[in-house]
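Using this note's numbering, read the sequence shown as starting at 17 and increasing by one per residue. All residues carry an ideal CB built from backbone N, CA and C; glycine is no exception. In what follows, a single structure is set out as structure tokens and then discussed.
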Amino acid sequence: MSKTALITGITGQDGAYLAEFLLKNGYVVHGIKRSSSLLTTHRIDHHYQDPHMENRSLFHHKGNLSDSMNIA
């Protein structure tokens, strides 16, 4: 059974490095990115996986941690 990690700010420098490290170590990674970050995904684009692919290890979620209604 693989471990699962949630990364907030996955499109940022630290989030992208952490995602790469965890993916290389067999984790399933869920990353939260703000809607305004949709154009700045170059740090994680090389990890893109088709959403229709089975057994994916990277999942992207839109969200804003400063919006409490968004997190609920």
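Using a beta-carbon distance below 8 Å, is Gly-25 in contact with chain B?
-> Of the protein chains in this structure there is only one, and it is not chain B.
With Leu-81 as the anchor, note down where its alpha helix (DSSP H) starts and where it stops.
-> It is not in any alpha helix (DSSP H) - Leu-81 carries neither H nor E in the DSSP assignment.
Under a Cβ-count criterion, where at least 16 other Cβ atoms within 10 Å of its own Cβ denotes burial, should Leu-38 be classed as buried or exposed?
-> With 16 or more other Cβ atoms inside 10 Å of its own Cβ, Leu-38 counts as buried.
Backbone CA spacing between Ser-18 and Ser-84 [nearest angstrom] = If I take the Cα positions, the gap works out to 30 Å.
Sorted by chain position, which residues of the same chain lie with C-beta nearer than 7 Å to Leu-34's C-beta, five sequence neighbours on each side aside?
-> Around Leu-34: Ile-23.
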